[in-house]
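Asker: Here it is: the structure, laid out below.
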Amino acid sequence: GPAMNPNLRRRCRAAAVLVLASVMSACGGGGEFSLGGQGSASVSGTAATGRPIAGATVTLKDVAGRSATQTTRSDGSYSFDDVSGFVWPVVARVEGGTLACGSQAGCTPAPNTQRYVGVSLGSRATQNTLNLTPMSHAVVSSAARFDANGLFELPLGLLLINPLDLIDASVNVLDWLIRLDPEALL
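The number in the numbering used here is simply the position in the sequence shown, starting from 1, with 13 added.
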């Protein structure tokens, strides 16, 4: 393809830092860390595609095989209030539900036919943020080097992913998005 304008590349790298911040929160950061595993821990986030995914099932799994499910609210948000028994890292997947409209005029709700996966590879904090989006799915798939649904099916695979690979994957996915639509971040 054509060479990318250096100014555009710099702007894209700056945008990558913003994406990185969201991916780092998906790595288990964001929130207070509980020392010695004391106290309760929660996982919460939003399932969205640019539109919230309402009434969908979110399943959370840990590497020890434990799982729990919740249903997303009308704004796509979900929360697991007590995951203190879960062993990190964890993986979550959203499926089903409806692509909601929120306040978008002229929008028609539609069934959600996709499944999106996200992971939290860092240390368990008391409040963990884990968003489930096409971007989180692409980043996890890139870091794992196979579709993220495979990690959801076999969570032990999480132990093979270096958290730094998620950062590289974020930059790679963002780079491809920019190549497909250079105006996306301007």
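Where is the CB? At the ideal position from N, CA and C, for every residue including glycine. Only a predicted model underlies this, so the values are computations on that prediction, with no experimental measurement involved.
What residue from Ala60, Pro102, Val132 has the CA that sits closest to Gly109's CA?
Answerer: Ala60
Asker: Around the Cβ of Ser53, are there at least 16 other Cβ atoms within 10 angstroms (buried) or fewer (exposed)?
Answerer: exposed
Asker: For Val153, count the other beta carbons within 10 Å of its own beta carbon; 16 or more makes it buried, fewer makes it exposed. Which is it?
Answerer: buried
Asker: Going along the chain, which residues of its own chain have a beta-carbon closer than 8 Å to the beta-carbon of Ser80, five neighbours each way excluded?
Answerer: Thr72, Leu73, Lys74
Asker: Which of helix, strand or coil does DSSP assign to Val104?
Answerer: strand
Asker: Between the C-alpha atoms of Pro168 and Gly68, what's the straight-line distance to the nearest angstrom?
Answerer: 24 Å
Asker: Roughly how many whole angstroms lie between the Cα atoms of Arg128 and Ile191?
Answerer: 23 Å
Asker: Starting from the C-beta of Ser155, find all residues in its chain whose C-beta is less than 7 Å away, skip the five residues before and the five after it, and write them out in chain order.
Answerer: Ala182, Asn185, Val186
Asker: Determine the burial state of Pro102: buried for a count of at least 16 other Cβ atoms within 10 Å of its Cβ, exposed for fewer.
Answerer: buried
Asker: On the premise that Ala113 lies in contact with Arg64, defined as a C-beta separation below 8 Å, what is that separation, rounded to the nearest angstrom?
Answerer: Sure, about 6 Å apart at Cβ, within 8 Å.
Asker: What does the Cβ neighbour count give for Arg137, buried or exposed, with the cut at 16 atoms within 10 Å?
Answerer: buried
Asker: Rounded to whole angstroms, what is the Cα-Cα separation between Gly170 and Asp94?
Answerer: 25 Å
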